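**Q** Just so you know, the protein sequences line up as chains A and B, in that order.
Numbering follows full-length UniProt numbering, in which position 149 of the first sequence is assigned residue number 149; successive positions increment by one, without gaps.
Numbering follows full-length UniProt numbering, in which position 186 of the second sequence is assigned residue number 186; successive positions increment by one, without gaps.
Glycine included, each C-beta is placed from N, C-alpha and C at the ideal position.
Just so we're clear, the structure is a prediction, and the values are computed from it rather than from any experiment.
Structure provided below as structure tokens; questions to follow.
There are 2 protein chains.
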Amino acid sequence: MYGAGAMGALATRLMTEKDVEIVGAIARNPSKVGRDLGEFAEIGYIGVPIEADAEHVLATQRPDVVLHATQSFLPEIQEQLTLCVRHGANVVTISEESLYPWSSSPAIAAELDALAKQHGATITGSGHQDSFWLHQVSALLGTAHRIDSVYGKATWNADEYGAEIIQSKHVGETLEQFQESINSESRPPTFGGNLLAALAQATGLTPKEWKTEISPVVAEEDRHSNSIGTTFSKGTVIGYSDIDVMRTVEGPTFTFEMSGYIFGSGESDMNQWVIKGEPDLFLDNGVVPSYTTTCTQWVNRIPDVINAPAGFVTPDQLPPLRYRSMPMHSYVTPGILT
Amino acid sequence: MYGAGAMGALATRLMTEKDVEIVGAIARNPSKVGRDLGEFAEIGYIGVPIEADAEHVLATQRPDVVLHATQSFLPEIQEQLTLCVRHGANVVTISEESLYPWSSSPAIAAELDALAKQHGATITGSGHQDSFWLHQVSALLGTAHRIDSVYGKATWNADEYGAEIIQSKHVGETLEQFQESINSESRPPTFGGNLLAALAQATGLTPKEWKTEISPVVAEEDRHSNSIGTTFSKGTVIGYSDIDVMRTVEGPTFTFEMSGYIFGSGESDMNQWVIKGEPDLFLDNGVVPSYTTTCTQWVNRIPDVINAPAGFVTPDQLPPLRYRSMPMHSYVTPGILT
Numbered sequence: 001m002y003g004a005g006a007m008g009a010l011a012t013r014l015m016t017e018k019d020v021e022i023v024g025a026i027a028r029n030p031s032k033v034g035r036d037l038g039e040f041a042e043i044g045y046i047g048v049p050i051e052a053d054a055e056h057v058l059a060t061q062r063p064d065v066v067l068h069a070t071q072s073f074l075p076e077i078q079e080q081l082t083l084c085v086r087h088g089a090n091v092v093t094i095s096e097e098s099l100y101p102w103s104s105s106p107a108i109a110a111e112l113d114a115l116a117k118q119h120g121a122t123i124t125g126s127g128h129q130d131s132f133w134l135h136q137v138s139a140l141l142g143t144a145h146r147i148d149s150v151y152g153k154a155t156w157n158a159d160e161y162g163a164e165i166i167q168s169k170h171v172g173e174t175l176e177q178f179q180e181s182i183n184s185e186s187r188p189p190t191f192g193g194n195l196l197a198a199l200a201q202a203t204g205l206t207p208k209e210w211k212t213e214i215s216p217v218v219a220e221e222d223r224h225s226n227s228i229g230t231t232f233s234k235g236t237v238i239g240y241s242d243i244d245v246m247r248t249v250e251g252p253t254f255t256f257e258m259s260g261y262i263f264g265s266g267e268s269d270m271n272q273w274v275i276k277g278e279p280d281l282f283l284d285n286g287v288v289p290s291y292t293t294t295c296t297q298w299v300n301r302i303p304d305v306i307n308a309p310a311g312f313v314t315p316d317q318l319p320p321l322r323y324r325s326m327p328m329h330s331y332v333t334p335g336i337l338t
Numbered sequence: 001m002y003g004a005g006a007m008g009a010l011a012t013r014l015m016t017e018k019d020v021e022i023v024g025a026i027a028r029n030p031s032k033v034g035r036d037l038g039e040f041a042e043i044g045y046i047g048v049p050i051e052a053d054a055e056h057v058l059a060t061q062r063p064d065v066v067l068h069a070t071q072s073f074l075p076e077i078q079e080q081l082t083l084c085v086r087h088g089a090n091v092v093t094i095s096e097e098s099l100y101p102w103s104s105s106p107a108i109a110a111e112l113d114a115l116a117k118q119h120g121a122t123i124t125g126s127g128h129q130d131s132f133w134l135h136q137v138s139a140l141l142g143t144a145h146r147i148d149s150v151y152g153k154a155t156w157n158a159d160e161y162g163a164e165i166i167q168s169k170h171v172g173e174t175l176e177q178f179q180e181s182i183n184s185e186s187r188p189p190t191f192g193g194n195l196l197a198a199l200a201q202a203t204g205l206t207p208k209e210w211k212t213e214i215s216p217v218v219a220e221e222d223r224h225s226n227s228i229g230t231t232f233s234k235g236t237v238i239g240y241s242d243i244d245v246m247r248t249v250e251g252p253t254f255t256f257e258m259s260g261y262i263f264g265s266g267e268s269d270m271n272q273w274v275i276k277g278e279p280d281l282f283l284d285n286g287v288v289p290s291y292t293t294t295c296t297q298w299v300n301r302i303p304d305v306i307n308a309p310a311g312f313v314t315p316d317q318l319p320p321l322r323y324r325s326m327p328m329h330s331y332v333t334p335g336i337l338t
């Protein structure tokens with residue numbers, strides 16, 4: 001387990017319930033280092049100390065696969081992934097950019113791909129996007145004779161993902177401050193762009209033109225954040241929407257609107273897709289438990305990542321995600337672990 | 001094209017729009033024999049006469065793949081599929097039982113499987129079920145850590161599929177006649193049973209116990225059938241629901257309720273799945289264009305069926321259905337057609 005946050009804690013329980021042997025845990029936060037991962041995850045002692053020295057953990061424990069959850073963007077995590085791969089470990093990361101890094105960080109992706117091949121390891125990005133935004137949607141698009149446009153909308157509650165995420169969402173700014181921040185900062189690529197590139201790949205279409213808009217989400221009444229214990233007054237920015245538009249050489253336009261903000265009571269994560277073409281198509285996942293499904297997909301992907309060929313293998317190249325009714329190791333191709 | 005009904009007509013247009021070369025058409029109905037398939041499909045003359053002698057068409061035209069749409073059950077179509085396979089043709093059929101015949105007609109499926117292998121041909125069942133009931137649902141189930149129960153509900157408008165289908169749905173009977181028919185007739189296996197068996201296969205669960213209930217759908221007010229031009233009075237049977245329940249050795253229960261009846265105005269086909277477990281999951285496809293998607297999936301499966309290994313290969317064993325942006329032949333593995 002590389003990274004010990006909320007996601008790592010939940011995945012720790014899910015893995016132990018599917019008989020995955022956890023051999024090591026890495027985190028830098030001094031308040032976590034030295035603690036037992038099981039106790040950190042509130043499932044009781046499992047004899048796996050959280051350690052700060054990643055290289056030491058990887059070298060001594062030689063894991064078959066690393067579950068990685070630290071930052072979102074490839075430039076931030078390249079060094080960590082490199083370290084894993086150099087020690088021969090497969091990696092499944094919930095870094096959002098890793099879903100399909102070829103569109104936004106092609107050079108780093110190529111470097112990691114070559115390194116992974118050299119060491120016989122696989123790097124894959126999974127998480128909530130894998131089934132809900134990619135595989136369910138591409139399966140739906142497989143029922144189309146002609147696609148004119150694809151529009152997806154997802155919302156998620158930034159309040160459920162910890163203080164670090166909230167700080168990155170411009171929460172608490174005025175609209176003026178938000179515009180200033182947006183104008184002055186060099187924004188990292190959006191995750192929607194990676195998703196749309198993956199969908200283009202899955203539908204055999206060729207991206208031609210990209211556009212990204214950012215739009216603030218503003219509190220319509222006082223809005224309380226449980227995770228940081230602060231109430232933001234009406235009119236304050238409580239998050240934002242990234243709206244990505246991809247045009248393709250073949251014609252169809254893909255739009256994805258992803259809104260992350262602090263939810264009010266009664267709001268829930270959504271995932272909805274509207275396709276225009278022959279025929280018109282629709283998909284809605286109702287109340288989406290994104291928090292949990294980020295972890296379930298991360299964990300359910302373990303055998304696929306072990307079984308996959310070496311390299312940076314994006315989930316559009318993997319078999320569709322499957323339910324794991326048996327202990328996780330029973331899905332691993334016999335003889336593939338050395 | 002084996003069978004020239006409403007589905008065959010639509011698929012004919014879809015295929016020509018994806019540059020599929022149609023080489024022959026088979027139907028027995030004397031009012032269709034001799035007509036040009038393109039004219040029958042209302043897309044203009046294409047130079048393909050509808051012929052009654054299936055063997056002659058298969059022997060002279062040697063098709064790479066047969067799109068088959070005659071009856072629903074394997075015992076009814078075994079002879080037709082056998083004929084195709086003996087002539088070395090791959091077959092993709094919308095016979096509902098063929099989605100997963102191993103649960104209901106294992107002996108016939110095994111016979112066809114052996115014959116197909118002997119002749120290097122593939123038989124696959126596709127159609128509406130492929131993505132909407134199987135691949136979208138199994139992709140959703142792939143986000144579960146624990147499944148307790150799966151409940152699916154689909155409705156379809158029997159009025160859209162022609163007179164033969166309506167006659168098989170007990171339409172026009174009184175409730176008493178319906179009960180008598182049900183009690184006296186030996187009912188064929190339900191399609192829901194095949195679907196649940198396919199879902200068990202896709203989730204790695206082991207079916208233990210099966211139960212099927214049939215429940216009439218009764219007109220709550222006068223209900224008009226456009227396809228047969230008859231109005232059925234309030235209280236008349238206008239179709240029925242098949243409710244299939246599958247229990248598994250591992251615990252989870254799967255239920256599928258499929259209701260086919262004559263819709264009233266404002267009603268539309270639906271496809272909705274509710275999963276209880278960790279976490280609870282949900283899927284809804286809104287207004288489902290089942291009529292069109294039966295054909296689009298049938299046609300979009302063509303290259304997968306050609307590319308697949310020989311035998312009776314059910315869609316859970318195929319790659320997920322994909323959108324075809326290019327001419328259909330560009331998805332065929334080079335060199336696989338001899």
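With C-beta atoms as the reference, is I97(B) less than 9 Å away from L74(B)?
**A** Residue numbering aside, residue 97(B) sits at position 97 when the second sequence is read from its first letter. Residue numbering aside, residue 74(B) sits at position 74 when the second sequence is read from its first letter. Here the sequence assigns Glu to residue 97(B), which means Ile is not the residue at that position. Taking 9 Å as the Cβ cut-off, E97(B) and L74(B) qualify as a contacting pair.
**Q** Check whether the Cβ of E278(B) lies closer than 9 Å to any Cβ atom in chain A.
**A** Looking up residue 278(B) in the second sequence gives position 278. For E278(B), the answer is yes, since a Cβ of chain A falls inside 9 Å of its Cβ.
**Q** Indicate the three-state DSSP secondary structure (helix, strand or coil) for K32(A) in the structure shown.
**A** Translated into the one-based positions of the first sequence, residue 32(A) becomes position 32. Correct three-state label for K32(A): coil.
**Q** Is there a Cβ from chain A that is less than 9 Å from the Cβ of P289(B)?
**A** The residue given as residue 289(B) occupies position 289 in the second sequence. With 9 Å as the cut-off, P289(B) counts as an interface residue toward chain A.
**Q** Relative to the C-alpha of K211(B), which residue among A121(B), V287(B), N194(B) and T60(B) is closest?
**A** Locating residue 211(B) in the second sequence gives position 211, counting from the first residue. The shortest C-alpha separation from K211(B) is found at N194(B).
**Q** When you compare the CB of E160(B) with every CB in chain A, is at least one pair closer than 9 Å?
**A** Here residue 160(B) refers to the residue found at position 160 of the second sequence. No, its Cβ sits nowhere closer than 9 Å to a Cβ of chain A.
**Q** When the Cα of D280(B) is compared with those of I166(A), S290(A) and E185(A), which residue comes out closest?
**A** Within the second sequence, the letter at position 280 stands for residue 280(B). Among I166(A), S290(A) and E185(A), the Cα nearest to that of D280(B) belongs to S290(A).
**Q** Quick check on S268(A): does DSSP put it in helix, strand or coil?
**A** Counting from one through the first sequence, the residue named residue 268(A) turns up at place 268. It is coil, neither helix nor strand.
**Q** Measure from the C-beta of N157(A) to each C-beta in chain B and report whether the shortest distance is under 9 Å.
**A** Position 157 of the first sequence, counted from the first residue, corresponds to residue 157(A). It does not: the Cβ of N157(A) has no partner Cβ on chain B nearer than 9 Å.
**Q** Any beta carbon from chain A within less than 9 Å of S227(B)'s own beta carbon?
**A** Taking the first residue of the second sequence as 1, we reach residue 227(B) at position 227. No - not a single Cβ of chain A is within 9 Å of the one on S227(B).
**Q** Do you know how far the Cα of V237(A) is from the Cα of E176(A)?
**A** The residue labelled residue 176(A) in the question sits at position 176 within the first sequence. The residue labelled residue 237(A) in the question sits at position 237 within the first sequence. Answer to the nearest angstrom: the Cα atoms are 10 Å apart.
**Q** Identify every residue that forms a DSSP beta bridge with S227(A).
**A** For the purposes of this step, residue 227(A) is taken as the residue at position 227 of the first sequence. DSSP, once it has assigned bridges, lists no residue as partnering S227(A).
**Q** Using alpha carbons as the reference points, say which of R322(B), D316(B) and H329(B) lies closest to A139(A).
**A** Taking the first sequence and counting its residues from 1, one reaches residue 139(A) at position 139. Answer by Cα proximity: R322(B).
**Q** Out of V85(A), E278(A) and L196(A), which has the shortest C-alpha to C-alpha gap to T248(A)?
**A** The residue you call residue 248(A) lines up with position 248 of the first sequence. Minimum Cα distance to T248(A) is reached at L196(A).
**Q** Can you grab the Cα-Cα spacing for the pair Y45(B) / T206(A), in whole Å?
**A** Your numbering for residue 45(B) matches position 45 in the second sequence. Your numbering for residue 206(A) matches position 206 in the first sequence. About 34 Å.
**Q** In terms of residue numbering, what span does the beta strand (DSSP E) encompassing N90(A) cover?
**A** Within the first sequence, numbered from 1, the residue matching residue 90(A) stands at position 90. Start and end: N90 to T93.
**Q** Any C-beta of chain B sitting closer than 9 Å to the C-beta of S241(A)?
**A** Start at 1 with the first residue of the first sequence, and residue 241(A) comes out as number 241. Chain B contact via Cβ: absent.
**Q** Which chain B residues are close to L196(A), counting only those with a beta carbon under 7 Å from its beta carbon?
**A** One-based indexing of the first sequence puts residue 196(A) at position 196. Neighbours of L196(A) on chain B: none; closest Cβ ~14 Å, over 7 Å.
**Q** Could you round the C-beta distance between T255(A) and Y331(A) to whole angstroms and report it? I think they count as a contact, below 8 Å.
**A** As a first step, residue 255(A) is located in the first sequence; it is residue number 255 there, counting from the start. As a first step, residue 331(A) is located in the first sequence; it is residue number 331 there, counting from the start. Incorrect: roughly 35 Å between the Cβ atoms, too far for contact.
**Q** Thinking S168(A) and R301(A) are a contact (beta carbons under 8 Å), I'd like their distance in whole angstroms, please.
**A** Taking the first sequence and counting its residues from 1, the one referred to as residue 168(A) is at position 168. Taking the first sequence and counting its residues from 1, the one referred to as residue 301(A) is at position 301. About 25 Å separates the two Cβ atoms, so there is no contact after all.
**Q** Could you pull out every unbroken alpha helix (DSSP H) segment of at least 4 residues lying fully inside the stretch 96-182 of chain A, listed in chain order?
**A** Counting whole runs of 4 or more residues, the stretch 96-182 of chain A contains the alpha helix (DSSP H) stretches 106-118, 136-141 and 163-167.
**Q** For L337(B), does the count of other Cβ atoms within 10 angstroms reach 16, so buried, or fall short, so exposed?
**A** Stepping through the second sequence from its first residue, residue 337(B) is reached at position 337. Flag for L337(B) reads exposed.
**Q** Please confirm if M326(B) has its CB atom under 9 Å from at least one CB of chain A.
**A** Sequence index remark: in the second sequence, residue 326(B) carries index 326 (1-based). Yes, contact with chain A.
**Q** Note down, in chain order, all residues in the stretch 193-219 of chain B with a beta-carbon under 9 Å from any beta-carbon belonging to chain A.
**A** So the close ones are A202, T203, G204, L205 and T206.
**Q** Here's the rule I'm using: 16 or more other beta-carbon atoms within 10 Å means buried, otherwise exposed. How should T174(A) be labelled?
**A** Taking the first sequence and counting its residues from 1, the one referred to as residue 174(A) is at position 174. The residue in question, T174(A), is exposed, as its Cβ has fewer than 16 Cβ neighbours within 10 Å.
**Q** Could you tell me whether the Cβ atoms of F191(A) and D242(A) are closer together than 9 Å?
**A** Sequence index remark: in the first sequence, residue 191(A) carries index 191 (1-based). Sequence index remark: in the first sequence, residue 242(A) carries index 242 (1-based). Yes.
**Q** Which residues in chain B have a C-beta closer than 7 Å to the C-beta of N285(A)? List them in chain order.
**A** Counting from one through the first sequence, the residue named residue 285(A) turns up at place 285. The answer, in chain order, is F282 and L283.
**Q** Are A6(B) and E221(B) close, meaning C-beta to C-beta below 9 Å?
**A** Position 6 of the second sequence, counting from 1, holds the residue named residue 6(B). Position 221 of the second sequence, counting from 1, holds the residue named residue 221(B). Cβ atoms of A6(B) and E221(B): not closer than 9 Å.
**Q** Of all the residues that make up the stretch 301-329 of chain B, which are near chain A by a beta-carbon distance shorter than 8 Å?
**A** Here the close residues are P320, L321, R322, Y323, R324, S325 and M326.
**Q** How is the beta strand (DSSP E) around P75(A) delimited, first residue to last?
**A** Taking the first sequence and counting its residues from 1, one reaches residue 75(A) at position 75. From DSSP, P75(A) is part of no beta strand (DSSP E) but of the alpha helix (DSSP H) over L74 to R86.
**Q** If you measure between the beta carbons of P319(B) and L134(B), is that distance less than 9 Å?
**A** Reading the second sequence from its first residue, position 319 is the one you call residue 319(B). Reading the second sequence from its first residue, position 134 is the one you call residue 134(B). Their beta carbons are not under 9 Å apart, which means P319(B) does not touch L134(B) by this criterion.
**Q** To be precise: take each residue of the stretch 250-262 of chain B, compare its Cβ to all Cβ atoms of chain A, and keep it if any distance is under 7 Å. Which residues remain?
**A** For the stretch 250-262 of chain B, which is checked against every Cβ of chain A, the residues closer than 7 Å are E250.
**Q** For P101(A), does the count of other Cβ atoms within 10 angstroms reach 16, so buried, or fall short, so exposed?
**A** As a working mapping, residue 101(A) is identified with position 101 in the first sequence. That one is buried.
**Q** Give the DSSP-derived three-state secondary structure of M1(A) in the structure shown.
**A** Here residue 1(A) corresponds to residue number 1 of the first sequence, with the count starting at 1. Looking at M1(A) - three-state DSSP - the assignment turns out to be coil, as it is neither helix nor strand.
**Q** Measuring straight from C-alpha to C-alpha, what distance separates I156(B) and T294(B)?
**A** Walking along the second sequence from the start, residue 156(B) turns up at place 156. Walking along the second sequence from the start, residue 294(B) turns up at place 294. A small correction: the amino acid at residue 156(B) is Trp; Ile does not occupy that position in the sequence shown. The straight-line gap from Cα to Cα measures roughly 11 Å.
**Q** Using C-beta distances below 8 Å, list every residue in its chain close to M328(A), excluding the 5 sequence neighbours before and after it, in chain order.
**A** Within the first sequence, residue 328(A) is the residue found at index 328, counting from 1. Excluding residues within five positions, the ones whose Cβ falls inside 8 Å are M15, K18, D19, V20, V299, I302 and P303.
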